[in-house]
Structures are given as C-alpha cells and as structure tokens.
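Student: In the working numbering, the protein residues as written are 948 to 1009. From the three backbone atoms N, C-alpha and C, an ideal C-beta is built for every residue, glycine too. Sharing a structure, written as structure tokens. Questions coming.
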C-alpha cells in the first residue's frame, strides 16, 4: 500500500537520518488499522477497503 516515507518537517528529516530508525520493521498491510470517523473523537474500525486500479483514471504518460 505504501513504500516510501517523505518527511514533512525539518525535525522529521533529522529523525530519518538516524540509523536506529532504519533498523525498525516496516508495517505490513495486515497491521494497518482502517477507521471511519463517526462522531467527534469517535471512530469505528472497519476491514481493509479494496482498491481497484481498473476503475481509476490516471495519467500513464509519466
């Protein structure tokens, strides 16, 4: 589902430079929780949504 981490702040960029961060295990798809926002600070956990790339329109010229 994802492969790369892009730091959004200078502090996050510095954290990625440390070797201790690189030794951590990447999360797998089965470990990612999916939630729906129900109310203020209330979420309901749902099963992983399915993604069908055939139904999406994207630019193939890149």
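1) From 998, 992 and 959, pick the residue whose C-alpha is nearest to that of residue 978; which is it?
2) For residue 982, does the three-state DSSP call read helix, strand or coil?
3) Can you list, in chain order, the residues of its chain whose CB lies under 8 Å from that of residue 981, leaving out five sequence neighbours each side?
4) Measuring only the C-alpha atoms, how far is residue 1007 from residue 1001?
5) Confirm, please, whether the CB-CB distance from residue 973 to residue 983 is below 8 Å.
Tutor: So, from the data block:
1) Counting from one through the chain shown, the residue named residue 978 turns up at place 31. With distances taken between Cα atoms, residue 978 lies closest to 992.
2) Stepping through the chain shown from its first residue, residue 982 is reached at position 35. Strand, per DSSP.
3) The sequence position of residue 981 within the chain shown is 34, counting from 1. Within the same chain, residue 981 has close Cβ partners 992, 993, 994, 995 and 996.
4) For the purposes of this step, residue 1007 is taken as the residue at position 60 of the chain shown. For the purposes of this step, residue 1001 is taken as the residue at position 54 of the chain shown. Each residue's Cα considered, the two are about 13 Å apart.
5) Locating residue 983 in the chain shown gives position 36, counting from the first residue. Locating residue 973 in the chain shown gives position 26, counting from the first residue. No, the pair does not count as a contact, with Cβ atoms beyond the cut-off.
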